[in-house]
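Below is one structure; the comments refer to it alone.
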Amino acid sequence: MQNHLQIYAKLAAALHYPLERIAMTIGGDAINEATIISRLGHKTALISKIGDDAPGQFILAACQREGIDIQSLKQDAGIDTSINVGLVTADGERTFVTNRNGSLWQLNIDDIDCSRFSQARLLSLASIFNSPRLDGKALESIFAKAKQQHLIICADMIKPRLNETLDDIRTALS
29 MQNHLQIYAK
39 LAAALHYPLE
49 RIAMTIGGDA
59 INEATIISRL
69 GHKTALISKI
79 GDDAPGQFIL
89 AACQREGIDI
99 QSLKQDAGID
109 TSINVGLVTA
119 DGERTFVTNR
129 NGSLWQLNID
139 DIDCSRFSQA
149 RLLSLASIFN
159 SPRLDGKALE
169 SIFAKAKQQH
179 LIICADMIKP
189 RLNETLDDIR
199 TALS
């Protein structure tokens, strides 16, 4: 019995990483952009999908605090809100751990409220490739509807989750 406790103690010590600070914050390109633009005095809306859970409530509270319109932010009790754990080393290198079945992995074209485009001047698709179900065909449809409303369209990239390439979204980017 003592031997097992010693082994467990060594294993537990090897998995213990004391840090100076751990914080839960809102993040991700879409909500970061909406927050900054709202703070600059412009109206913003977040079109996305979250779960009906504690992280989802945390996002709703942040949007309310920042004056971000959440009319088109869908809540789905059947999914978990996406959570990323960001690990940042002393030299600034970042590594992220994410829940693969979270809301951003489940976000699809049916969750995008294109009817709101008539109220906007700009559509920012934060992090192309962040939501694998928003593939080239979905993006082509979304961007076409945005163009019909004469929106400025901008987007940024992240490392593809499923090895997507620019060729996969080439038609949408035209």
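In my numbering, the protein residues as written are 29 to 202. Beta carbons are placed, not taken as given, at the ideal position from N, Cα and C, and that holds for glycine.
Between residue 170 and residue 197, the gap from beta carbon to beta carbon reaches 7 Å or more. Rounded to the nearest whole angstrom, the C-alpha separation of residue 164 and residue 69 is 33 Å.
Annotated as distal: residue 135 and residue 155, with beta-carbon spacing of 7 Å or more. Counting only the Cα atoms, residue 63 lies some 13 Å from residue 152. Note that the C-beta distance between residue 200 and residue 179 is not below 7 Å. In this structure, residue 132 lies away from residue 101, with their beta-carbon atoms at least 7 Å apart. Cβ-Cβ separation between residue 181 and residue 174: approximately 5 Å, consistent with a contact (criterion under 8 Å). When the alpha-carbon of residue 130 is set against those of 83, 183 and 47, the nearest one is in 83.
Counting only runs of at least 4 residues, the stretch 51-78 fully encloses the following alpha helix (DSSP H) elements, listed from N- to C-terminal order: 57-67. Here residue 194 carries a helix assignment [DSSP, helix/strand/coil].
Counting the other CB atoms within 10 Å of its CB gives residue 124 a total below 16, which places it among the exposed residues. Short of 7 Å from the beta carbon of residue 116, and not among the five residues preceding or following it, lie these beta carbons of its own chain, in chain order: 122. Non-local C-beta neighbours of residue 81 in its own chain, meaning closer than 7 Å and more than five positions away in sequence, comprise 108 and 109, ordered along the chain. The C-alpha of residue 118 lies about 19 Å from the C-alpha of residue 112. Residue pairing for residue 114: DSSP places it in a beta bridge opposite 124. For residue 156, the beta-bridge partners assigned by DSSP are 185.
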